[in-house]
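Participant: Protein chains in written order, with the numbering used here: chain A, 270 to 740; chain B, 270 to 740.
1) Residue 342/A versus chain B: which residues are under 8 Å apart at the beta carbon?
2) Alpha carbon to alpha carbon, what distance is there between residue 452/A and residue 493/B?
3) Considering only C-alpha positions, which residue in the set 542/B, 555/B, 534/B is nearest to residue 549/B?
4) By DSSP, does residue 350/A sit in helix, in strand, or in coil?
5) So, helix, strand or coil for residue 665/A, using DSSP?
6) State the beta-bridge partners of residue 619/A as determined by DSSP.
7) Just the C-alpha distance for residue 650/B and residue 487/B, rounded to the nearest angstrom, thanks.
8) Does residue 677/B come out as helix, strand or coil in the three-state DSSP assignment?
9) Hey, could you find the ends of the alpha helix (DSSP H) residue 327/A is sitting in?
10) Would you list, in chain order, the members of the region 657-684 of chain A that have their beta-carbon closer than 9 Å to a beta-carbon of chain B?
11) Against chain A, does residue 457/B count as a neighbour if the rule is that its beta carbon must be under 7 Å from one of theirs?
12) To the nearest whole angstrom, what separates the beta carbons of residue 259/B and residue 722/A, a pair I think is in contact under 8 Å?
13) Measuring CB atoms only, is the region 700-716 of chain B touching the region 631-650 of chain B, in the sense that at least three cross pairs come out at less than 8 Å?
14) Less than 7 Å separating the beta-carbons of residue 405/A and residue 593/A?
15) Given a limit of 7 Å on CB to CB distance, which residues of the region 476-491 of chain B reach chain A?
16) Only counting runs of 4 or more residues, tell me where the alpha helix (DSSP H) segments fall wholly within the region 452-500 of chain B, in order along the chain.
17) Go to residue 271/A, then tell me how far its alpha helix (DSSP H) extends in each direction, as first and last residue.
18) Keeping to the same chain, check which residues put their C-beta closer than 6 Å to that of residue 496/A; ignore five residues upstream and five downstream.
19) Determine the chain A residues that contact residue 802/B at a beta-carbon separation under 8 Å, and present them in chain order.
20) What are the residues of the region 620-650 of chain B that lie near chain A, defined by any Cβ-Cβ distance shorter than 8 Å?
21) Looking at C-alpha atoms only, which residue of 622/A, 554/A, 459/A is the closest neighbour of residue 346/A?
22) Taking 7 Å as the threshold (beta carbon to beta carbon), is residue 698/B in contact with chain A?
23) Evaluate residue 673/A with the Cβ neighbour count: other Cβ atoms within 10 Å of its Cβ, from every protein chain shown; 16 or more gives buried, anything less gives exposed.
24) Listing by chain order, which chain B residues have their CB less than 9 Å from the CB of residue 280/A?
25) Quick check on the DSSP output: what are the complete alpha helix (DSSP H) runs of length 4 or more inside the region 332-408 of chain B, in order along the chain?
26) Nearest chain B C-beta to residue 716/A closer than 7 Å, yes or no?
27) One question on the structure: do residue 604/B and residue 598/B come within less than 7 Å of each other, judged by their Cβ atoms?
28) What did DSSP end up calling residue 585/B once you bin it into helix, strand or coil?
29) Tell whether a beta-carbon distance below 7 Å holds between residue 343/B and residue 335/B.
30) Taking only heavy atoms of the ligand PLP into account, decide whether any of them is closer than 6 Å to the Cβ of residue 298/A.
31) Check the C-beta distance from residue 527/A over to residue 422/A and give it rounded, since I have them as a contact under 8 Å.
32) So with CB distances below 8 Å, who are the chain B contacts of residue 567/A?
33) Could you tell me the boundaries of the alpha helix (DSSP H) in which residue 310/B lies?
34) Below 7 Å on C-beta distance, what does residue 286/B contact in chain A?
35) For residue 650/B, name the three-state secondary structure that DSSP assigns.
36) Is the separation between the beta-carbon of residue 655/A and that of residue 691/A shorter than 7 Å?
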């Protein structure tokens, strides 16, 4: 049986659904093929359930500060982890409802099955062979679990299986301290589980700025032990898993593998496209069009191995979808990079990372939240934020941070980065009092002091009063 | 004894100290005259102690959500109000330290005493008569207490005396529900005190948008009873104060007068300047220079009755100081307005208020946080944010809100307002997931939908996926 469609989309996650929406503005001659779960990874196993776990963990953790605030009885608080997990799943199940309806809307144009390319304009799914004008591939990603670890069976958890657990064991090793590992390690530790975190790299949550790194490690160490800079090895031992890395060792009842997510390219048939694949199996993809080489094929979302984040996946689906239906489109300027790890304090980056700066042409401004007024009032005075600016034109380049309300300040910086604002243009905005954003202002003023005085005459120059409580 | 100084500054609060800093860039021939407390009102009796009270109150209030998160034992939590008050004062005392050192730095150029003008270039303090090149007046403000209420003695509290209390009584009426009244009423209610709030106006916290108003009232009513739209009257009754307003009545052990702050102009000698004073006793002041008419006299900060907020006070001192030493300065463009009431949810506004919009030329975009994904995960899904944009050029005008993380989103909007951004320029920024800023994006998209399609081709157009959890 041979069929035809103007557009075939493979994958009904965030990217595929975003592409579908763009395509349907121009044509209904579209097929959506999906294998497994219909809907976004994020709602099902990613950001949403982890944020629900974090919310419960942080609510329980507030008991640590209650005495400081004059509140007694914190010792009597107990947490029911099975109840926490039930709430996580209840919210999750509600969040995933939306996308599943897409299948009903599309009717026969939604196909359940595993798609495989048979050249740049042909897709095979089960016994169906579909000729396509254009193909948008968005098969997503899957958690990495080293093959030998499979021997440990259900004691190896991933973000795909963690939230399915009815209860959590007493001791959990988290291997891989990127965003997901850090978030879940801290949350589980705050739920009362003994957690040890491991990473082969000498940093956490993708931080590249050494000062931010030190601040983040110091903050996380209050909740769990960190073993950095050496690869973790697992060994079975009398009913537990012994995790060893360098000098560090930990007896775990379960191991959360948080080594990242791998693009699901296996069996996708990229080899039939006639383009070179790199050593990760990736074809060349233009990040502004999502097009593979000059073929009528697009690879978007987590699957292309670049910016595996929900908001980028939505953008990539949008870009691929509109380019597929209107090829004159020259491609779209991407948004500035942004990454947030929802730890306490938040850890993250905006724009250009410290590691990618040219030290000869860059200035750095800094604020230490330890003495920041509002942070002290809230007993949240931990962390540091570092801002990067170009010497030559005083423009904001990027930031890394481990800071209270970092997720919010990151968005303000994201707006500034989108419009490559000058530092004085950022200092021209109102900063209320007392707010954590005054800490951002301290860092901006720190940058401004290092820039040549332009004899400007505006409120951006209104200086600090030299009163700690007002910064 | 007659003295001379190039510049005389009256008042050593935020405004006076900010002016002093500008003046000292150009001359040391300056005298600073201050009556009473040296240093910022904000640190001593304003923002900082109230934020400390709010932090304790909200920490205690989290027990209401603990069951939802799977945590037991919340019933056993108790709060020690004297301990709360001690922490507030401890933090306050630390915050006020900084400004007091100004006196030592200035030595003889700092004069303790009450200053009175004797014409546009003369100041009298005690028996000293000082000729001044320029005079900057920054005498500040004082809480309003209706004269008849003084009969109730110490049962009438203000923000000046509240934080000096060793303990708080069981029943407190808060009269005046502006920012200060709302913050303290909710905080005291959450500390376990029975609170009733009264305001002659039919709104709270200065909200003018009817939808935001309804949302704010609904949120606050969870914590205390509100009596709006009728003036409150006080009557002594068997050891308590009976507060009556319209149909509402409340028996209070104490009354917090939160009717606002009045400029401290009494006895300042403004009548010697030879300019007309309005019915509030205010001379004409240029908001971009702080100059009174064309005299060598400036009136800045709370004292001029305009924008009585710390960050505006600092700006006004800066403006007055630099204009006084460099009169060619044409004046400075003020920052967009911003006001935040640190209630839960935060209530506030940025830029143009709803009441000041021209409905014929304005579009309104809205988000309801009740169904917003991240807000639901945090069990903080209450509130609404409304954004205003100009129809003709799609530029952001302002916002009012009662929203979780409103204080943070307000700053993002403050940056946008400073640069009068277009809605599409705001939608071009990265919005991470899952964040409360996605709620802002929903409101921006709501505006964008009402604007003419410009055939733009950028990521600002990347639409909602129609998946609730991702908005």
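The C-beta atom is built at its ideal place from N, Cα and C for all residues, glycine as well. This one's a predicted model, so the numbers in the text were calculated from it and none came from an experiment.
Facilitator: This is what the structure gives:
1) 342, 345, 346, 347
2) 36 Å
3) 534/B
4) In the three-state reduction of the DSSP assignment, residue 350/A falls in the helix class.
5) Under the three-state reduction of DSSP output, residue 665/A falls in the strand class.
6) Bridge partners of residue 619/A according to DSSP: 607/A, 668/A.
7) Whole-angstrom Cα-Cα distance: 13 Å.
8) Helix, per DSSP.
9) 316-330
10) 674, 676, 677, 678, 679, 680, 681, 683, 684
11) no
12) In the structure as shown, chain B begins at 270 and stops at 740. Residue 259/B is therefore absent and cannot be evaluated.
13) yes
14) Yes, Cβ-Cβ distance for residue 405/A and residue 593/A is below 7 Å.
15) Cβ proximity to chain A below 7 Å picks out nothing from the region 476-491 of chain B.
16) Taking only runs of at least 4 residues, the alpha helix (DSSP H) segments lying wholly in the region 452-500 of chain B are 479-490.
17) Unbroken run through residue 271/A is the beta strand (DSSP E), 271-279; no alpha helix (DSSP H).
18) 467, 514, 517
19) Any answer about residue 802/B is impossible in this case: the structure gives chain B only from 270 up to 740.
20) 642, 643, 645, 646, 647, 648
21) Closest by alpha carbon: 459/A.
22) yes
23) Classification for residue 673/A: buried.
24) By Cβ distance, chain B contributes nothing, its closest Cβ being about 14 Å from residue 280/A, past 9 Å.
25) Restricting attention to alpha helix (DSSP H) runs no shorter than 4 residues, the region 332-408 of chain B encloses them at 332-335, 350-375, ordered along the chain.
26) no
27) no
28) helix
29) yes
30) Judged by which ligands are present, the structure shown has none, so any question about the ligand PLP falls away.
31) The pair is not a contact, with the Cβ atoms about 18 Å apart (cut-off 8 Å).
32) Correct list: empty, because the minimum Cβ distance to chain B is about 15 Å.
33) 310-313
34) 734
35) coil
36) no
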